[in-house]
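Residue numbers (my numbering): -17 to 329.
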Ligand SMILES: C[S@@+](CC[C@H](N)C(=O)[O-])C[C@H]1O[C@@H](n2cnc3c(N)ncnc32)[C@H](O)[C@@H]1O
């Protein structure tokens, strides 16, 4: 397919799917800065497991600063990358432009990658990477509102549209805020913080990260900032991070060619549990039930496990990149021979 055809298909997809639709809230200012601070985690492991080579197409669902994509391109693969963040896209596109037609970067949610690829005439790929969460650049940019340590608007959106963190804390009922803090942040004082937020917003709605962090931290101290969990939880809710992951995993299973690999890097236990259970459910050879005389072949088997346990950063990486501390990489490979009942059985 020529570059022109690819661009036409890409533009058709963007018009139909990406989240540039009519923003319901003002967009954050997009800086086209040439500096983008983010060190890719588990980079050597990603290359080893995804085996980039000429003739292989690999999807990078979380482009960020383009570190992983760059390595996959260096290995000779064609990379089609996604990010919701226009700032990350602008930076990575410029960085990886020397790779020419081997690199395509699209703005949108990775969960919509299969539709984007279908619009480009691609129905099978050889590898998919997800490196979840936010980049260091996003965290460090005060105007994006991700960090309780930097004063900025209480935004937290990775993309340009949708409700901001301020919209959630200023409008959701206390019970819903508490659920978000508990489910997405493991926050033991979820109900307490939700109630305090609701009381405080009656006097004045929250506008900035500092206002929210100040309310949560009031009178508390400890090795970890008291607002860490609440900010993580809000970020996950604002960006529907769990919903995106849950929608994407089964769709990616169908996108992988036989022998193709899916690699996912997670940074907190909720995401890791989702990935672990999905991979296990679709890679165990047999399933059992106390009422059966013997185990039976797993009708949902789609994958072979490549990493029976999660892979974590080496001591050298831990020493040089503190963000790698909580990173866990899991990889599965699409099976070549599928039982009749398994095709399309991913959920
Ligand atoms: C941890 S960073 C990725 C860093 C990248 N692997 C690198 O080496 O530079 C995660 C990136 O994924 C993006 N992201 C997170 N969830 C996304 C989603 N559902 N769809 C598209 N992009 C997403 C974020 O905007 C962020 O830029």
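Note that CB positions come from ideal geometry on N, CA and C, so glycine has one too.
Just so we're clear, the structure is a prediction, and the values are computed from it rather than from any experiment.
Would the beta-carbon of residue i be found less than 6 Å away from any heavy atom of ligand 1?
{"i": "residue 302", "result": "no"}
{"i": "residue 91", "result": "yes"}
{"i": "residue 85", "result": "no"}
{"i": "residue 109", "result": "no"}
{"i": "residue 137", "result": "no"}
{"i": "residue 351", "result": "Missing from the structure shown is residue 351; the chain here goes from -17 to 329 and no further."}
{"i": "residue 306", "result": "no"}
{"i": "residue 64", "result": "yes"}
{"i": "residue 340", "result": "Limits of the chain in this structure are -17 at one end and 329 at the other, which puts residue 340 out of reach."}
{"i": "residue 144", "result": "no"}
{"i": "residue 67", "result": "yes"}
{"i": "residue 254", "result": "no"}
Exposed or buried, residue i, counting other C-beta atoms within 10 Å across all chains shown (16 or more means buried)?
{"i": "residue 276", "result": "exposed"}
{"i": "residue 5", "result": "The predicted position of residue 5 is uncertain, since its pLDDT is 33 and thus under 50; a value taken from the coordinates is nonetheless stated next. By the neighbour-count rule (16 or more Cβ atoms within 10 Å), residue 5 is not buried but exposed."}
{"i": "residue 283", "result": "buried"}
{"i": "residue 109", "result": "buried"}
{"i": "residue 174", "result": "exposed"}
{"i": "residue 142", "result": "buried"}
{"i": "residue 203", "result": "exposed"}
{"i": "residue 153", "result": "exposed"}
{"i": "residue 184", "result": "exposed"}
{"i": "residue 61", "result": "buried"}
{"i": "residue 259", "result": "exposed"}
{"i": "residue 34", "result": "buried"}
{"i": "residue 271", "result": "exposed"}
{"i": "residue 38", "result": "buried"}
{"i": "residue 105", "result": "exposed"}
{"i": "residue 76", "result": "exposed"}
Rank the options by C-alpha distance to the C-alpha of residue i and give the top, closest one.
{"i": "residue 165", "options": "194, 212, 17, 119", "result": "212"}
{"i": "residue 239", "options": "255, 285, 21, 176", "result": "285"}
{"i": "residue 210", "options": "227, 129, 223, 305", "result": "129"}
{"i": "residue 331", "options": "88, 296, 96, 180", "result": "Summary: the structure shown does not reach residue 331, with the chain confined to residues -17 through 329, and so no result is reported for it."}
Please confirm whether any heavy atom of ligand 2 lies closer than 6 Å to the CB of residue i.
{"i": "residue 225", "result": "With respect to ligand 2, the structure shown offers nothing to examine, as its ligands consist of ligand 1."}
Legend entry - Length at least 4, wholly inside the segment 102 to 179: the alpha helix (DSSP H) runs in chain order: 118 to 122, 147 to 153, 156 to 167
Inset, instruction - Would you list, in sequence order, the uninterrupted beta strand (DSSP E) runs of no fewer than 3 residues that lie entirely inside the segment 18 to 95? - result: 39 to 42, 60 to 65, 85 to 89
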